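The number in this note's numbering is simply the position in the sequence shown, starting from 1, with 972 added. The C-beta atom is built at its ideal place from N, Cα and C for all residues, glycine as well. Remember, predicted model here, so these are calculated numbers, not experimental data.
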Amino acid sequence: MSKIVQEVIAANDKYVASFTKGSLPLPPDRKFAIVTCMDARIDPAKALGLKEGDAHVIRNAGGRAKEALRSVIISQQLLGTTEVIVIHHTDCGMLTFTDNQLHGILKDKFNTDVSVDFLPFSDLESSVKEDVDLIKNSGVVDKSVNATGWVYEVETGKIRSVV
């Protein structure tokens, strides 16, 4: 067992010793979902004042709505959320490559062609607008759902409105 896994198990044992959240209801109490990046520098709970049970937090590389849409639909249609907050961030790795570059790396390393769209972007604010637009116009998320877009500044911890 790796050192990391051992540390994770020890931390979980400590968490379990004082765990009191087992009776939280399935739908999020504050009825919203967040779509944000998986970047380890972002702690949505701390940055946005969340506690367990408040909101759905959907994370993926870049915080892309196209990849998160399945979760957003379930959150809204089956679990009653009425708002979606899209948060991308400064200094995002998704700004540093293109699909063709990553496909080339994978081809060189594994000698195979990959048809995955990694959803990189070259403009931070435009990517936020694109993702909010995708949610609003998906045809499978109720028009009544309020969708907004933000940028989290990893340098300061502040969020700023984009759309």
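With 16 or more neighbouring CB atoms inside 10 Å of its own CB, Phe-1004 falls in the buried class. Met-1066 and Asn-1032 have their C-alpha atoms spaced approximately 11 Å apart. Counting of Cβ neighbours within 10 angstroms places Gln-1073 among the exposed residues, the total staying below 16. Ranking Leu-1078, Ile-1014, Asp-1085 by CA distance to the CA of Asp-1063 puts Ile-1014 first. Val-1029 sits in a strand when the DSSP states are folded into three classes. Under the three-state reduction of DSSP, Asn-1072 is assigned to helix.
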